[in-house]
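Report on one structure; see the data block that follows.
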Amino acid sequence: MSSAASVPASRIRWRRGKVTGTGRAWRDALELTVEVPDEGEVPALAHPSLVGVPEVGDDVLLNTTALAQNLGTGGYALVVAVPDRLPPDPETTGHLVKARYTPLQVTVQGVDEQDTEHHAAIADADDLGGMPVVVADLHSALPAVLIGMLATDPDLKVAYVMTDGGALPAAFSRTVTALKSSLAGVVTVGQAYGGDLEAVTLHTGLLAAKHVLGADLAIVTQGPGNLGTGTPWGFSGVAAGEACNAVSVLGGLPVGALRISDADPRPRHRGVSHHSLTAFGRVALAGVTLVAPRGLSSELGGQVDEDLASQPERNVVVWVDTDGLDIALGLSPVPLRTMGRGYPEERAYFLAAAAAGRYAALQVPVAGEAAEADDAEAPVEPATAD
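FYI, in the UniProt record's numbering the residues of the sequence shown are 1 to 386.
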């Protein structure tokens with residue numbers, strides 16, 4: 001075999017360029033404009049904790065693969081290095097490696113690793129104590145779910161647990177940065193990194209949300225930039241079903257935020273998306289409460305009812321009142337957009353997410369109820385809002 005034949009094909013479209021301008025900065029992200037020879041100026045994004053802080057005039061190495069393919073998350077060339085001005089060595093005591101064995105693997109301190117202040121708490125924790133957890137298959141549902149929760153009870157503490165189905169750096173999400181003041185904290189799990197807390201698995205991430213952040217509620221979604229292939233199983237959001245299983249195993253209350261649309265041109269996503277039906281109906285084997293919003297058009301509401309009729313018995317479907325949620329969504333602190341469409345064009349999608357948040361908020365015991373429930377001989381069934 002010749003040496004040429006043994007070399008794998010390239011997977012990255014590399015470019016060199018020079019920084020000509022800087023733009024918005026948030027959390028651990030910095031927008032740049034980079035001049036690439038023979039291609040002109042391109043928008044680029046740097047994560048300073050990985051590559052340092054590029055400045056105007058710096059030469060940078062770029063990964064332009066997704067940008068050239070015009071993928072959904074391909075709006076940026078990604079800065080891989082500032083080769084002439086490398087950042088200093090990290091000062092960290094963490095031993096969790098994320099984005100493992102990729103050229104940009106990072107080391108972080110995990111909430112569940114030894115020799116950390118929270119290790120004992122996580123090692124002893126084994127239960128969520130009935131904490132409601134809303135699970136959605138798209139990152140775009142996050143602000144709407146949170147709006148539904150806080151519109152119902154503004155005093156609730158809500159944690160966001162970000163899985164690794166989409167973007168790995170939490171800093172890629174401007175939504176997370178904008179919502180920071182409304183969240184008890186962000187936990188990044190699996191290969192995702194950059195949250196207020198880092199965890200090895202979704203299970204320890206959920207336990208950290210409850211026992212370290214003191215959350216009353218949690219939201220679980222993948223990061224921005226889902227991967228889909230137009231098939232029922234070839235979608236990164238299928239992991240929403242596995243997230244429901246994790247919540248159930250840990251004694252939490254899984255609540256499914258349904259992906260509902262009458263604006264998506266693709267038939268498989270109209271009514272209840274086939275992705276929701278697959279993740280919650282076939283993957284979530286321990287059962288999940290599925291929330292449908294009242295206030296839809298009669299045609300769409302009928303379609304949703306029909307789509308959910310075939311759900312297994314383990315999944316409870318509740319129709320939740322949405323009074324006031326449209327107003328709350330209209331006051332969102334971040335733009336509400338999914339699949340290139342905003343609110344109110346995709347009203348049904350965001351209303352469904354907010355309704356799931358409202359339902360979950362209604363399941364959090366008020367002060368004193370938890371103690372009374374502990375003293376009761378019979379278990380207290382969760383209330384429904386239909």
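Virtual Cβ for every residue (Gly too), placed ideally from N, Cα, C.
Buried versus exposed call for residue i [16 or more other C-beta atoms within 10 Å across all chains shown]
| i | result |
| --- | --- |
| residue 17 | buried |
| residue 124 | exposed |
| residue 100 | exposed |
| residue 113 | buried |
| residue 329 | buried |
| residue 58 | buried |
| residue 390 | The structure shown does not extend to residue 390, since the chain is modelled only from 1 to 386, so the question has no answer here. |
| residue 310 | exposed |
| residue 93 | exposed |
| residue 237 | buried |
| residue 11 | exposed |
| residue 122 | buried |
| residue 164 | buried |
| residue 86 | exposed |
| residue 234 | exposed |
| residue 220 | buried |
| residue 252 | buried |
| residue 229 | exposed |
| residue 366 | exposed |
| residue 259 | buried |
| residue 195 | buried |
| residue 7 | exposed |
| residue 289 | buried |
| residue 68 | exposed |
| residue 64 | buried |
| residue 133 | buried |
Beta-carbon proximity of residue i to residue j, cut-off 8 Å
| i | j | result |
| --- | --- | --- |
| residue 32 | residue 46 | yes |
| residue 442 | residue 308 | Examination of residue 442 is not possible in this model, given that the chain is present from 1 through 386 alone. |
| residue 147 | residue 332 | yes |
| residue 254 | residue 28 | no |
| residue 293 | residue 352 | yes |
| residue 82 | residue 60 | yes |
| residue 43 | residue 76 | yes |
| residue 345 | residue 257 | no |
| residue 56 | residue 22 | yes |
| residue 250 | residue 206 | yes |
| residue 350 | residue 120 | no |
| residue 208 | residue 95 | no |
| residue 302 | residue 149 | no |
Identity of the residue in the options nearest residue i by Cα
| i | options | result |
| --- | --- | --- |
| residue 14 | 202, 80, 171, 288 | 80 |
| residue 313 | 281, 131, 336, 253 | 281 |
| residue 53 | 39, 25, 76, 75 | 25 |
| residue 224 | 167, 197, 255 | 167 |
| residue 284 | 44, 75, 135, 307 | 135 |
| residue 222 | 209, 231, 188 | 188 |
| residue 40 | 56, 29, 20, 263 | 20 |
| residue 363 | 82, 131, 291 | 131 |
| residue 291 | 354, 89, 193 | 354 |
| residue 34 | 78, 6, 50, 68 | 78 |
| residue 111 | 177, 226, 126, 212 | 212 |
| residue 84 | 64, 69, 323, 51 | 51 |
| residue 185 | 361, 69, 162 | 162 |
| residue 300 | 49, 64, 347 | 347 |
| residue 171 | 102, 242, 182, 193 | 193 |
| residue 128 | 191, 68, 210, 66 | 210 |
| residue 240 | 48, 306, 286 | 286 |
| residue 173 | 324, 226, 231 | 226 |
| residue 304 | 270, 324, 327 | 270 |
| residue 30 | 91, 183, 177, 325 | 177 |
| residue 91 | 116, 306, 115, 49 | 49 |
| residue 322 | 181, 359, 62 | 359 |
Near the ligand MN: residue i beta-carbon under 7 Å from a heavy atom
| i | result |
| --- | --- |
| residue 206 | Ligands are entirely absent from the displayed structure, and the ligand MN is therefore not among its contents. |
Min CB distance residue i to chain B below 8 Å
| i | result |
| --- | --- |
| residue 300 | Here there is only one protein chain, and chain B is not present. |
Spell out a yes or no on whether the segment 209–220 and the segment 155–163 are touching, meaning 3 or more CB-CB pairs, one atom from each, closer than 8 Å.
-> yes
Touching or not, the segment 141–153 and the segment 265–284, by the rule of three or more beta carbon pairs under 8 Å?
-> no
Give a yes or no on contact between the segment 336–344 and the segment 139–149, applying the rule of three or more CB pairs nearer than 8 Å.
-> yes
Can you check the segment 217–287 for any beta strand (DSSP E) of at least 3 residues that lies completely inside it and give the ranges in chain order?
-> 217–222, 253–257
Counting Cβ pairs closer than 8 Å, one from the segment 201–214 and one from the segment 234–253, do we hit at least three?
-> yes
Touching or not, the segment 104–113 and the segment 316–326, by the rule of three or more beta carbon pairs under 8 Å?
-> no
Runs of alpha helix (DSSP H) lying entirely within the segment 293–328, each at least 4 residues, in chain order = 298–308
Can you list the alpha helix (DSSP H) stretches of 4 or more residues lying completely in the segment 26–90, in chain order?
-> 48–51, 65–69
Please go through the segment 168–192 and give each complete beta strand (DSSP E) segment of 3 or more residues, from N-terminal end onward.
-> 185–189
Can you check the segment 97–181 for any alpha helix (DSSP H) of at least 4 residues that lies completely inside it and give the ranges in chain order?
-> 119–124, 142–152, 174–179
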